[in-house]
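Residue numbers (our numbering), protein chains in the order written: chain L, 68 to 459; chain Y, 55 to 301; chain F, 22 to 674. For every residue, glycine included, the Cβ atom is placed at its ideal position computed from N, Cα and C. All of these numbers come straight from a predicted model, not from anything done at the bench.
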Amino acid sequence: MQGPLTQFLMKNPSVLIFLGLLSAFTIFAAIGSEAFGIGFISTSMIKTLGKTLCFCLIAIAMDLVWGYCGILSLGHFAFFGLGGYMIGMWLMYERTRLIVESSMANAALPPTPQEIQEAIGTQIFGVVGGAEIPAIWAFAHSLPIQLALVVLVPGLLALVFGWLAFRSRVTGVYLSILTQAMTLALALYLFQNDSGLRGNNGLSGLQNIPGLDHVPQSHISLYFLLASAFALGLGFVIAKLIVENKMGNVIKGIRDNEARVRFLGYHVETYKLFIFVLTAIMAAIAGAIYYPQAGIINPAEIAPIASIYLAVWVAIGGRGRIYGAVIGAALVSMLSSLFTGGQIPNIEVGPVNVVWVDWWLVLLGVSFVAVTLYAPKGIGGLIDMIKMERTK
Amino acid sequence: MNEALLEVRNISVSFDGFKAINALSFSIAEGELRAIIGPNGAGKTTFMDIVTGKTRPDAGEVIWGEKNVSLLKRQESQIARLGVGRKFQKPTVFEEQSVYENLLMALDNDRSPFSVLFYRHNESDDQRIAALAEEIGLQDHLEKRSGDLSHGQKQWLEIGMLLAQEPRLLLVDEPAAGMTQEERQKTVDLLRRAAQSRAVVVVEHDMDFVRKLDCRVTVLHEGSVLAEGSLEHVTENQDVIDVYLGR
Amino acid sequence: MISRFLLLLACFLIVLPTQAQEGTAPSLKSIVSQNAPDIIKGSVRTAPPIIDALVALDDPSSLRFLSLWQEKDLWYRKSDEEIFVAEKREDRTYELFDIATLELVETLPKKQIKQIKPNSGLRALIDEALVISRLKSADMSVRQEAISSLSRLANKQHLLPLRGAISAEPNQALKAEMERLERFLTIQFGASSEERVSAIHRASDDLSVETRANLNRVTSSTMALKDMLDDDANIARHVIPGEADFSVEDAYQLLIDNDLAEAIPTASERTQFLIENIGEGKVGRFTLHNLDTQKNRDAAYLSLVAEGKAPFWSPGLSADILVEQFEFVEVYDERDAQVTQAAEVALEKIETSVALSEFVDVLLDAISLASIYFLAAIGLAITFGVMRVINMAHGEFIMMGAYTGFAVQQFVTNYTLSIIIAIPLAFAVTFFAGVALERLVIRHLYHRPLETLLATFGISIALQQLAKNIFGTQARPLTAPEWLDGALVINDVISISLIRIAIFGLGVLFFVVLLFVLNKTRFGLETRAVTQNRQMAASMGINPNFINMLTFGLGSGIAGIAGVAIGLYAKVTSEMGGDYIVQSFMTVVVGGVGNIWGTLAGAVMIGFLQKGIEWFNPANTLAAQTYMIIFIIIFIQFRPRGIIALKGRAAGD
């Protein structure tokens, strides 16, 4: 009996290959980690790997929306950040509550709920000169609600923004600039102290999971790596299901000739909106898994430049192929942390001492231009060429 | 005039003061084959833009079907779903995708995102695609990337996609441009066959092609109808000779 | 004429000492000898009348005496407490001089005399008094300084000497300042209501902060209970607690202060009582672990009240009800109703003019912001608007222009000259950078706008980092020449810096020049031809490659000049380009792509919008920018092609 899933997997062996590689990678990391294994991979490295997997997931989202649907969004990191903020609110609130309650347990009188609220408010919002807990934190005590908000808030923002933008037929570079403006507006808003999200301090201490203080970070980081890998695997399968189906034909059609799709009777705006919102949610989930590993989130993470880097990853990896996005994100973000972390030895070119920490961005920028000019299909395009050579 | 499938009444549109369509009235009956000719700038493409909802006219009405639905307030995709298919001047097929995929997208199935998302291949759709491919002569190229087709094949594929939509009215913009004699003949046959079950409007420059279509002809000039009738009739019309054929 | 004046002066000089010697009128010596013990003691409490008397003498020697007192140069003879001016000699003895004539009286060893050391409070008092004397100094800078210190610390006894000084003041500007000061003093200390009211009237045309502060001082008020007031209290208005800025708590505090009510224990005070009464894990009959709700705590507290262990409180006790039973009024500290009335009227008048001026000021600010946006965007209007090439590195060209200016200033120290050199140089640098970018990258990507956008992003990232590597991360100053340093002051509220005016002028200049270049020259014609139909233009003998290159160079070069201008107004950093890029694109898009008028309209709209939003919420420029962007996003919904849109086929897709 062949179910639809088996059929799908038979037609797309790359899904199985990818899931296999991902599992192998995860098992390798688990064995090498300090938590269960022989410990040659440090906890901070596990975190870096986990974060990289989250970047791969948002890159898949970017590839769907840009590589397949032709919408060069410069705003997906805003959704990523919003997802992080939503989960960060729960992490910070609950942990503060536990700390406050344990410190107030020794007071002369057992604390009243109001006293606890006030103490939490002072703890969290003291840095921005407030003590009241803003209304948007109304559900911060509830993990299920905040998890739902991880999906709902960015999804709703994407829905409203996308609806406005697509219905007025803003396309191409105009749309890109508009998404960039949206990102800038959100970042500027969050930078304010009275945004209710601690202004430029952002949310911090997110690596400490409330109630899990007794679990060492080496274990927690591994759990998050596993969660990241699971989310990435799921994201890959969903993306493949979409693009290898009739939906994929339609959105590629929109990318290549929007008017033709429209005259075929498809309501193009709805399709764009569907993809835009879906990928925004994927980005938000990636962010919600990323920031507990990063430990801190602040508005600078949302700044437009982050979304531009996202486009860079996908372009270098090769857009229009899901694995290309994964390769691009993994490669560039790992290289970036290698170069800026000072792991690459500096070289002397004549009188100029090339310090990679300083020159990495120059290298990245120039290689990005080179990729756009000479290898518009990115690394994925190279892989395609090798495949073609073999089949010939 | 209730038997008309599409009726255009007194539409006008101007771009920055230039009157592209000027009080144009036009109607076509169910199952009719019609050719529209006219010099450059006569408003042929703008006329199609208005009917398909791409351009909004400044004045006038566009009435569709037996229920007399106005098309003016509707979006392109809605008009397409009502049964108006359109072929562009340049062949526009999805070059990155295979002939099969092009036809699959055009098939007259539910267009809502969710039914598209959960679409599953089935025998009947495959059979319809095979039949269409046969009709347009691309049965051997189903898995071919449509960007790799010849110019004429792309034109036929586009017509095939229109047929797949099962429209009641086909608007075809210069199908014969850039085709060889042999390809033209095939195209004529294709359009005449299509017109057996639906209304077809062909915009064409090439007189020879129009003659082969052997149908009623409307001559447009400066955004309005100059003459209408059989090709012989309009070619004898003095006005037509003056503005079009005479030059 | 002059000789007669001199004669008069001579008489005056002769008369003065005679008067002093006669002893009928008070003289320096008589005052000093009568008050010697107090002068020696130097108490802030007893000294003021002495100082006032000395100032009132209004003669040079008494003023000199005051300043010697202040500078601790006065000594007294221990034997009879007579005060002298003393000067140390080389043999460690002291020469004593008469305080009035400065004649040597005798020489005494240190043991027999003692220095008079006024404390700092007293020295300040003396200093204040001396200000008046300095008003008459021949040195204008001393007078100027006296006026400014007077305006800080003037009090009642300065009024008459100041009036005297006004008529003698030769300098018109100083005189005006003195008159203003005199008005303030009259408002505060004038002898009669009429005098004060007329001074208030005269002040009501003056928008300065000082005037407002002075009038506010007259109308300063306190809240009071009506029943507790004297009959002649100058009541400003009746107030209801909880309205305006008079809270119920304030009202209740007033009742407490007047012993009309007892303080209501606050929640935390009550909690404190509970804690103090904990015994054996209980408060009264309540066990501690039950006291984790406010309700139970209240009950426990009531039981304490019942036992008399805590001040009275009940859950229904609220300040609101108590406060309602009293009538509260706002009372002027100034008792003269005529004066306060006049001051209120004057303040209202001033506030109306200030509001008007502030509005004008916001308009000017908006114009200036609009011209900055215009400058930043005008280069884009050409590369993006006319050529349809999206250049994300445009902001970095602005930055390059600004750094060019900075680099020039490292070699040319004359700021005027350096700016004159920097402007064409910045144009040249960014022109060639633009040409290079066009030749190397953009040329290959025409008609692939998204790729162009990405490639120029790459350039932007690289250029930004390159600038960081060369010039460092800290902000570099681009110093404006002195003649651009000031501000055009229209009144106390409206002032506009000359740099902003210059930027405005530059914007106008660019606008006119570009309109001319694009619409009236061969080059502009060819640019438009190439943009609209490349093949056609090529077949008519235009070299499209060359035209594209030049046009792109022109747009980039203009960004460079804009960079110099923006650098003068803001700091030069490697990230400054990023601050302008989004706004610049917004400006071009909102205004309408493809024509310079559109860019102007876009810049004006965005500039006015941002300043307008800031006006409503001045503390928060971040919020203003956020709302502005949201507004633009919505605006584009309704006019996707911008304010000045090209319609129909010409607009293309």
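Candidates the options, of which the one nearest residue i by Cα
i             : options                       : result
residue 446/F : 497/F, 78/F and 582/F         : 582/F
residue 145/Y : 215/Y, 221/Y, 175/Y and 244/Y : 215/Y
residue 661/F : 121/L, 232/L, 268/L and 184/L : 232/L
residue 409/F : 428/F, 459/F and 393/F        : 459/F
residue 115/F : 342/F, 635/F, 530/F and 130/F : 130/F
residue 457/F : 525/F, 377/F and 570/F        : 570/F
residue 116/Y : 147/Y, 85/Y, 78/Y and 272/Y   : 78/Y
residue 365/F : 213/F, 593/F, 302/F and 221/F : 221/F
residue 412/L : 284/L, 419/L and 423/L        : 423/L
residue 190/F : 211/F, 167/F, 313/F and 209/F : 167/F
residue 505/F : 235/F, 525/F and 371/F        : 525/F
residue 197/L : 263/L, 225/L, 345/L and 93/L  : 263/L
CB-CB length for residue i against residue j, believed under 8 Å
i             : j             : result
residue 313/L : residue 153/Y : Not a contact, Cβ separation roughly 15 Å.
residue 352/L : residue 150/L : 6 Å
residue 349/F : residue 272/F : 6 Å
residue 109/L : residue 101/L : 7 Å
residue 288/L : residue 106/L : Not quite, the Cβ-Cβ distance comes to about 13 Å (not below 8 Å), so this is no contact.
residue 91/F  : residue 218/F : Not quite, the Cβ-Cβ distance comes to about 37 Å (not below 8 Å), so this is no contact.
residue 352/F : residue 254/F : 5 Å
residue 187/F : residue 196/F : 6 Å
residue 403/L : residue 427/L : 7 Å
residue 179/L : residue 314/F : 6 Å
Cβ shell of residue i (< 8 Å), same chain only, five flanking positions each side left out
i             : result
residue 646/F : 631
residue 118/F : 105, 106, 107, 108, 124, 125 and 126
residue 138/F : 63 and 93
residue 604/F : 394, 397, 398 and 627
residue 99/Y  : 143, 227 and 257
residue 57/F  : 97, 102, 103 and 104
residue 146/F : 65, 68, 69 and 72
Neighbourhood of residue i by C-beta, 6 Å cutoff - its chain only, sequence neighbours within 5 removed
i             : result
residue 229/F : 513
residue 217/L : 150, 153, 154, 351 and 355
residue 304/F : 295, 298 and 321
residue 536/F : 617
residue 207/L : 156, 157 and 160
residue 251/L : 371
residue 29/Y  : Within the shown structure, residues of chain Y are numbered from 55 to 301, placing residue 29/Y beyond reach of any answer.
residue 293/Y : 280
Spatial neighbours of residue i in its chain, beta-carbon cut-off 7 Å, leaving aside the 5 residues before and after
i             : result
residue 186/L : 167 and 171
residue 121/L : 295, 353, 356 and 357
residue 37/F  : At residue 37/F, the pLDDT of 44 sits below 50, so the modelled position is not reliable; the number obtained from the coordinates is stated separately. Closer than 7 Å at Cβ, skipping near neighbours: 80.
residue 368/L : 148
- Of all the beta strand (DSSP E) runs that stay within the bounds of the stretch 122 to 172 of chain Y, which reach a length of 3 or more residues? 138 to 141
- Jot down the residue ranges of each uninterrupted alpha helix (DSSP H) in the stretch 517 to 566 of chain F, minimum 4 residues, whole runs only, in chain order. 519 to 541, 543 to 553 and 555 to 560
- Are three or more beta carbon pairs between the stretch 295 to 313 of chain L and the stretch 122 to 141 of chain Y nearer than 8 Å? no
- Please determine if the stretch 286 to 295 of chain F and the stretch 313 to 329 of chain F are in contact, where contact requires at least 3 C-beta pairs separated by less than 8 Å. yes
- Message: As an exercise, report each continuous alpha helix (DSSP H) stretch of at least 4 residues that is fully enclosed by the stretch 285 to 314 of chain F, in chain order.
- Response: 288 to 297
- Message: Quick check: the stretch 79 to 97 of chain Y against the stretch 263 to 280 of chain Y, are at least 3 beta-carbon pairs closer than 8 Å?
- Response: yes
- Message: With three or more beta-carbon pairs closer than 8 Å as the criterion, would you say the stretch 390 to 400 of chain L touches the stretch 446 to 454 of chain L?
- Response: yes
- Message: Contact between the stretch 500 to 514 of chain F and the stretch 61 to 76 of chain Y is defined here as three or more beta-carbon pairs at a separation below 8 Å; is this criterion met?
- Response: no
- Message: Taking 8 Å as the cut-off, does the stretch 170 to 180 of chain Y touch the stretch 256 to 271 of chain Y (at least 3 CB pairs, one atom from each stretch)?
- Response: no
- Query: Can at least three beta-carbon pairs, one atom from the stretch 234 to 244 of chain Y and one from the stretch 202 to 216 of chain Y, be found at a separation below 8 Å?
  - Reply: yes
- Task: Give a yes or no on contact between the stretch 412 to 425 of chain F and the stretch 573 to 589 of chain F, applying the rule of three or more CB pairs nearer than 8 Å.
- Result: yes
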